[in-house]
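To start, the structure under review is shown below, and the notes come after it.
Residue numbers (our numbering): 30 to 571.
Okay, structure coming up:
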């Protein structure tokens with residue numbers, strides 16, 4: 030029955046009180062005597078490595094993972110885990126190469142880096158791009174999937190779920206990055222425990238269905254036996270989901286563009302580490318990489334379990350819409366409804382924790398970019414620290430309100446996770462090209478960077494819709510391959526434009542020296558362990 034019991038409400042109420050009380054405690058214990066923009070937006074020097082790592086994961090894992098990734102697990106299987114496992118490898122590169130550059134050059138926002146390396150015009154164009162994507166793609170999809178899940182397991186109307194999540198996230202965000210960072214530790218603990226509880230129940234149910242008495246390890250064996258097609262990491266062209274995960278492109282192509290742009294050039298993510306020293310930032314990032322390895326266990330496996338159960342006659346009504354179409358994103362909410370009272374409350378709290386933490390992280394990044402890169406530059410150049418913080422708080426409220434109003438328009442989606450990846454991928458190639466050339470090629474000009482920024486969406490759009498416009502005369506590339514093509518074209522355009530300009534043209538550079546990239550023995554050991562685990566996973570599930 031789609032209804033929370035009294036025990037579930039008690040568990041959820043305890044979670045809410047603990048998060049609110051701890052956030053209030055952190056806010057009053059660690060707040061500065063005077064309002065500081067760096068303190069509010071970055072929690073400068075206040076976050077420990079475990080808080081940074083937890084906050085990275087809490088901000089990244091949201092309803093799009095619990096709901097969207099489970100839905101993709103139902104539809105196409107373990108291969109969707111590539112986004113998580115390749116992210117773990119990407120985080121190692123970010124920790125070794127990119128974070129040292131940001132910290133050495135005292136970078137606080139990604140547009141600030143672009144202004145320092147190129148000029149204000151490039152910075153402003155990308156700042157606007159990021160704000161639009163954060164509000165109209167990220168915030169809306171997170172709120173939509175969260176509201177979908179909550180309304181599926183409770184009696185609350187969809188619109189009230191949207192309002193509740195938005196208000197809860199605003200309250201957390203207005204406390205600043207310190208409150209977000211430290212409350213994220215609780216959020217991560219809750220979402221991992223709740224996610225593991227749901228996964229174990231799913232495997233137990235599967236085991237019982239096939240006559241093994243609820244043994245979760247037997248459930249894993251049944252899963253492999255009953256859904257062999259769902260345990261391949263690399264698809265060939267005959268697979269119906271090849272366009273979602275096109276073969277080796279997930280290892281050597283567009284997946285790297287997607288991940289490097291997201292984890293290395295994204296305010297929403299890097300902001301957690303920008304206020305720390307290098308050692309603390311690196312330790313936090315590698316902690317996040319280890320946590321990333323766990324995500325498929327709590328997000329993808331439940332979707333595959335629901336696929337097997339559905340194939341064996343269960344949950345036929347729950348997994349379809351009113352028109353009788355299968356809705357993969359119903360997998361996780363349906364599974365949560367099977368939990369007994371109390372445990373259902375734990376899973377509900379875990380889901381809410383993931384949603385609120387991710388919304389708070391996104392909203393804080395929106396406020397940071399708007400305040401420091403838009404408001405201060407164009408509206409109030411002499412703004413005081415207090416005025417910047419106030420502008421940031423208003424940006425949080427307005428952006429969340431806009432997202433809440435737009436969210437209902439997403440109700441027609443089947444696999445929201447794929448929607449998010451594809452449309453964020455429209456700007457990812459341009460972002461990565463601009464940053465990589467800005468880091469490592471001194472001749473890259475501001476004009477080339479601006480051209481790259483302006484061309485990334487048109488090229489991505491043409492590659493996506495040209496097959497339709499030409500009635501199939503132009504190849505219909507998978508979106509990860511479109512990202513690779515767009516990235517390659519932008520690199521060529523930017524390199525040619527930079528070479529055509531005389532060497533005498535001033536090209537601002539950033540400080541880089543070899544000492545920045547040295548790592549400790551402990552970091553190297555941890556990195557080798559992660560690489561070894563990834564190699565084993567891809568060998569087993571090739």
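Even for Gly, the Cβ is constructed at its ideal location relative to N, Cα and C.
| Query | Result |
| --- | --- |
| Let me know if residue 120 comes out buried or exposed under the rule of 16 or more other beta-carbons within 10 Å of its beta-carbon. | buried |
| In three-state DSSP terms, what is residue 90? | coil |
| Given residue 173, which residues of its chain have a CB within under 6 Å of its CB, disregarding the five upstream and five downstream residues? | 436, 439 |
| Within the same chain, show all residues whose beta-carbon is closer than 7 Å to that of residue 280, passing over the 5 residues directly before and after it, in chain order. | none |
| Identify every run of the alpha helix (DSSP H) within the stretch 426 to 504, keeping only runs that are complete inside it and at least 4 residues long; order them along the chain. | 445 to 453, 457 to 469, 475 to 498 |
| Spatial neighbours of residue 312 within its chain, please: C-beta separation below 6 Å, excluding the five flanking residues on both sides. | 78 |
| Just the C-alpha distance for residue 143 and residue 486, rounded to the nearest angstrom, thanks. | 18 Å |
| State buried or exposed for residue 179, treating a residue as buried only when at least 16 other CB atoms are found within 10 Å of its CB. | buried |
| Using the three-state DSSP reduction, which class does residue 63 fall into: helix, strand or coil? | Because the pLDDT at residue 63 is just 47, under 50, the model does not fix this residue reliably, and the point stays unresolved. |
| Going by beta-carbon coordinates alone, are residue 527 and residue 473 separated by less than 7 Å? | yes |
| Can you find the residues in the same chain that come closer than 7 Å, C-beta to C-beta, to residue 452, ignoring five residues on each side of it along the sequence? | 166 |
| Report the CB separation of residue 360 from residue 103 in whole angstroms; it is logged as a contact under 8 Å. | 4 Å |
| DSSP three-state call for residue 541: helix, strand or coil? | coil |
| Go to residue 250, then tell me how far its alpha helix (DSSP H) extends in each direction, as first and last residue. | 245 to 255 |
| Would you report the Cα separation of residue 300 and residue 138, rounded to the nearest angstrom? | 7 Å |
| Identify, in the order they occur along the chain, each residue of the same chain with its Cβ nearer than 6 Å to the Cβ of residue 96, setting aside the five sequence neighbours on each side. | 174, 178, 358, 361 |
| Going by the beta-carbon positions, is the gap between residue 297 and residue 421 smaller than 7 Å? | no |
| Would you mind listing the alpha helix (DSSP H) stretches within the stretch 303 to 378 that are 4+ residues and don't spill past its ends, in chain order? | 307 to 328, 330 to 340, 360 to 365 |
| Of all the options 101, 118, 47, 87, which has the alpha carbon lying nearest to the alpha carbon of residue 564? | 118 |
| Are there 16 or more other CB atoms within 10 angstroms of the CB of residue 534, so buried, or fewer, so exposed? | exposed |
| Considering only their Cβ atoms, is the gap separating residue 290 from residue 457 smaller than 7 Å? | yes |
| Below 8 Å on the Cβ atoms is my guess for residue 37 versus residue 356; work out the distance and round it to an integer in Å. | Residue 37 to residue 356, Cβ: 24 Å. No contact. |
| Alpha carbon to alpha carbon, how far is residue 507 from residue 425? Give it in angstroms, no decimals. | 35 Å |
| Cβ atoms of residue 401 and residue 270: under 7 Å apart, would you say? | no |
| List, from N- to C-terminal side, the beta strand (DSSP E) runs of 3 residues or more that fit wholly inside the stretch 170 to 200. | none |
| Based on Cα-Cα distance, which residue from 505, 339, 469, 433 lies nearest to residue 187? | 433 |
| Measuring straight from C-alpha to C-alpha, what distance separates residue 62 and residue 133? | In this prediction, residue 62 scores a pLDDT of 46, lower than 50, which makes its location untrustworthy; no coordinate-derived value is stated. |
| Would you be able to state if there are at least three C-beta pairs under 8 Å between the stretch 328 to 337 and the stretch 122 to 130? | no |
| I'd like to check one pair, residue 375 with residue 223: are the Cβ atoms closer than 7 Å? | yes |
| Excluding the five sequence neighbours on either side, which residues of its own chain have a C-beta within less than 7 Å of the C-beta of residue 249, listed in chain order? | 232 |
| Flag this pair as yes or no: are the beta carbons of residue 335 and residue 364 separated by less than 7 Å? | yes |
| Okay, do the stretch 144 to 157 and the stretch 454 to 468 touch, 3+ Cβ pairs below 8 Å being the bar? | yes |
| Starting from residue 508 and walking both ways along the alpha helix (DSSP H), at which residues does that stretch end? | 508 to 529 |
| Going by CA-CA distance only, name the one from 370, 554, 183 that's closest to residue 230. | 370 |
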